Amino acid sequence: MEKIILLVLPFFAASCGQVKQQASAPEPVNVMSFNIRYDNPEDSLDNWRYRKDRVANAIHFYDVDILGTQEVLHNQLEDLKLRLPEYGVVGVGREDGKEKGEYSALWYKKDRFNVLDSGYFWLSETPEVAGSKGWDGACERIASWVKLQDKVSDKEYFALNTHLDHVGGMARREGISLMLDRVNELSDGLPVIVTGDFNSEPESDVIKHVTDSANPEHLTDARQASPIVYGPSWSFHDFGKIPYNKRPLIDYVFVRNGLKVLRYGILAETENNGFLSDHTPVLVTVE
115 MEKIILLVLP FFAASCGQVK QQASAPEPVN VMSFNIRYDN PEDSLDNWRY RKDRVANAIH
175 FYDVDILGTQ EVLHNQLEDL KLRLPEYGVV GVGREDGKEK GEYSALWYKK DRFNVLDSGY
235 FWLSETPEVA GSKGWDGACE RIASWVKLQD KVSDKEYFAL NTHLDHVGGM ARREGISLML
295 DRVNELSDGL PVIVTGDFNS EPESDVIKHV TDSANPEHLT DARQASPIVY GPSWSFHDFG
355 KIPYNKRPLI DYVFVRNGLK VLRYGILAET ENNGFLSDHT PVLVTVE
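Residue numbers (this note's numbering): 115 to 401.
Dropping the structure here:
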């Protein structure tokens, strides 16, 4: 009888160890990039007051874990906080580093992640100067970042969210170079997730620079890496005003450092014939 116990106990201990290891394996992460369109009173029936519930419903429905939003004014931030109480948020207004101007707000599920560090910088020659405008840019541009730790698996992630200038070509090129340098500097080798409205199409010099494998700081476009691609090939439609064959893809999710892309989708659906935004959200699942 003693021999049987000696044989069974090691097996039981090994089995328990396997169960523990499986339980702590990281779950896939749902990532969304979403330009929600700033609250413009001239948008008529596409105004934010008609869209804010739709936007929150979409985020809930797709069970987003990490969310990069662009064009978020302070009142929109507060509206989303009320509707998304389970999310924490990182970001400041781009005009004064407080509440003025658009946020590139980065959201995360509070019950899933601990925040290890966070910050922001301006896409300009003086990245630490609040409200600084870079190069030939028409607007101030800002990037928000956060280091997150999964509460169950302890796996850590570095996420960054930004919005490149819509006018200045130099501002986009120099801004993206600065962003890549900061990602390399701040991420400490962690798995990287970058979301944003880059105001650049896939064949542009800006996106080619981001994804150029000859660049040691390059990122991988989740669309190109995904075995499943769903939805249209565009992400901006101007509330349906742009003809289908002329709609550009300018919103992205990029990854680096070992993250595997499981699926990629551009979510072009409407709710009761109402648009979520003038952009479509981009949803990616990674592990």
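Even glycine gets a Cβ: it sits at the ideal position worked out from N, Cα and C.
As the structure is a prediction and not an experimental result, all values here were calculated from the model.
| Item | Value |
| --- | --- |
| Residues near L300 in its chain [Cβ-Cβ closer than 7 angstroms; skip 5 each side] | W259, F272 |
| Neighbourhood of K212 by C-beta distance below 7 angstroms, restricted to the same chain and skipping five residues each side | V206 |
| Terminal residues of the alpha helix (DSSP H) in which S291 lies | 283-300 |
| CA nearest to the CA of S267, picked from R286, A170, V143, R151 | V143 |
| CB contact below 7 angstroms: A244 versus chain B | The structure shown has no chain B; it contains just one protein chain. |
| Given 8 angstroms, three or more beta-carbon pairs between the stretch 338-354 and the stretch 172-183 | no |
| Buried versus exposed, by CB contacts within 10 Å (16 or more), R163 | exposed |
| D392 burial status per 10 Å Cβ neighbour count (16 or more: buried) | buried |
| Start-end ranges of the alpha helix (DSSP H) lying completely within the stretch 141-188, minimum 4 residues | 162-175 |
| Segment contact, 8 angstroms Cβ cut-off, at least three pairs: the stretch 246-254 with the stretch 223-232 | no |
| Beta-carbon proximity of A217 to L191, cut-off 7 angstroms | Going by the sequence as given, residue 217 is Tyr instead of Ala. Yes, Cβ-Cβ distance for Y217 and L191 is below 7 angstroms. |
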